[in-house]
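Heads up: the sequence shown begins at -18 in this note's numbering, then just goes up one per residue. Every residue gets a Cβ at the ideal spot worked out from N, C-alpha and C, and that includes glycine. Keep in mind the model is a prediction, meaning the values are calculated, not measured.
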Amino acid sequence: MRRMKYALAILLILAAIIVSAIPIIQRKHLNTETAKVVEEFLSAPEKEDIPYAELYAAMLDYNDALVGQQNNLLTDPWSYEQTSFDLTEYGMEDGVFGVLEIPAIDLSMPVYLGATEENMAKGAAHLSNTSLPIGGMDTNSVIAGHRGYSGADYFRHLDKLVVGHKVRLINLWETLAYRVVDIQIISPSDIQKVYVQEGRDMLTLLTCHPYASGGKQRLVIYCERTNGGE
């Protein structure tokens, strides 16, 4: 009987160790995967068979069409979850459009088009029916991320940003440099808070707030384009 109790105690201890290790394993896996995707994107040579000029022109048209129309387009979750562009049609099978970098919180994440559950699980995601992240006057590209996901940080520390911090978005053509200009906490229904602002070239970061609250509010980091790559 004593041996059985001893063996049971050992099993319970081992089970507790395994359970406590799961988040650590998940975090390491996700961090490794996102870092790998980022590295592959940044180091990939330009492929001659990809119609970059055609894609860029189509994205410019997309952004132009949004101006003054977002109140008709951002009406429900489907409107920002659907993928604005199917990059596989342009020869990009991994679906990665760019890399988001925020030096102040040591963040580097791949960016996908469309805030689907799948894309949000893999990294940061562009909200469809907001400006595509290619820059330009009268644009506001909204990039969303989980406030932590399966042990990985993702946008967990976005609340540490302050006005003046630098943000970079590296897309298929160039590095777009921004600085934080405003920080707000809004309700999920305040869609107008992420509309295009006339005469401005913006990138807006969006995540749940407070941390681990079930998404009661949204933390919004407004960034405006600056000159240069830093």
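Residue range of the alpha helix (DSSP H) that includes TYR33 = As a first step, residue 33 is located in the sequence shown; it is residue number 52 there, counting from the start. That run of the alpha helix (DSSP H) goes 33 to 47.
List the endpoints of the continuous beta strand (DSSP E) containing GLN165.
-> Along the sequence shown, one-based indexing puts residue 165 at 184. Residues 156 to 167.
Should the region 80 to 91 be regarded as contacting the region 45 to 63, the criterion being three or more beta carbon pairs within less than 8 Å?
-> no
In terms of alpha-carbon separation, which member of SER131, GLU70, ILE115 lies closest to ASP260?
-> Here the chain has residues from -18 to 211 only, and residue 260 is not among them.
Where PRO114 falls, given that 16 or more other Cβ within 10 Å makes a residue buried | Reading the sequence shown from its first residue, position 133 is the one you call residue 114. Buried is the call here.
Starting from the C-beta of ILE3, find all residues in its chain whose C-beta is less than 6 Å away, skip the five residues before and the five after it, and write them out in chain order.
-> Sequence index remark: in the sequence shown, residue 3 carries index 22 (1-based). The predicted model places ILE3 with a pLDDT of 43, which falls under 50 and marks its position as unreliable; any figure quoted below should be read in that light. Around ILE3, the same chain offers no residue with a beta carbon nearer than 6 Å, after the five sequence neighbours per side are excluded.
Under a Cβ-count criterion, where at least 16 other Cβ atoms within 10 Å of its own Cβ denotes burial, should LEU186 be classed as buried or exposed?
-> As a first step, residue 186 must be located in the sequence shown, where it is residue number 205. Around the C-beta of LEU186, 16 or more other C-beta atoms lie within 10 Å, and the residue is accordingly described as buried.
At which residues does the alpha helix (DSSP H) containing LYS103 begin and terminate?
-> As a working note, residue 103 is residue 122 in the sequence shown. Here the alpha helix (DSSP H) through LYS103 covers 98 to 103.
Is it right to say ALA105 is buried, meaning 16 or more other beta carbons lie within 10 angstroms of its own, or is it exposed?
-> Residue 105 sits at position 124 when you count from the first residue of the sequence shown. ALA105 should be labelled buried.
If we ignore side chains and look at the alpha-carbon of each, how far apart do ASN135 and GLU14 end up?
-> Residue 135 sits at position 154 when you count from the first residue of the sequence shown. Residue 14 sits at position 33 when you count from the first residue of the sequence shown. Residue identity differs from the one stated: residue 135 is Tyr in this sequence, not Asn. Each residue's alpha carbon lies about 12 Å from the other.
Throw me the rounded Cβ distance for the CYS189 and ARG181 pair, which I believe falls under 8 Å.
-> As a working mapping, residue 189 is identified with position 208 in the sequence shown. As a working mapping, residue 181 is identified with position 200 in the sequence shown. That belief does not hold up - the Cβ atoms of CYS189 and ARG181 are roughly 25 Å apart, past 8 Å.
Please classify GLN51: is it buried, with 16 or more other beta-carbons within 10 angstroms of its beta-carbon, or exposed?
-> The sequence position of residue 51 within the sequence shown is 70, counting from 1. Under the 10 Å beta carbon count, GLN51 is surrounded by 16 or more other beta carbons and is classified as buried.
ARG191 to ARG128 span [Cα, whole Å] | What you label residue 191 is simply residue 210 of the sequence shown in a count that begins at 1. What you label residue 128 is simply residue 147 of the sequence shown in a count that begins at 1. Looking at the sequence itself, residue 191 is Pro, so the reference to Arg does not match. Straight-line Cα distance between these residues: approximately 9 Å.
Taking the alpha-carbon positions, what's the ILE166 to PRO26 distance?
-> Here residue 166 refers to the residue found at position 185 of the sequence shown. Here residue 26 refers to the residue found at position 45 of the sequence shown. If you take the alpha carbons of ILE166 and PRO26, they lie about 40 Å apart.
The beta strand (DSSP E) enclosing GLN198, as first and last residue numbers | Here the question's residue 198 lines up with position 217 in the sequence shown. From DSSP, the beta strand (DSSP E) with GLN198 extends over 198 to 206.
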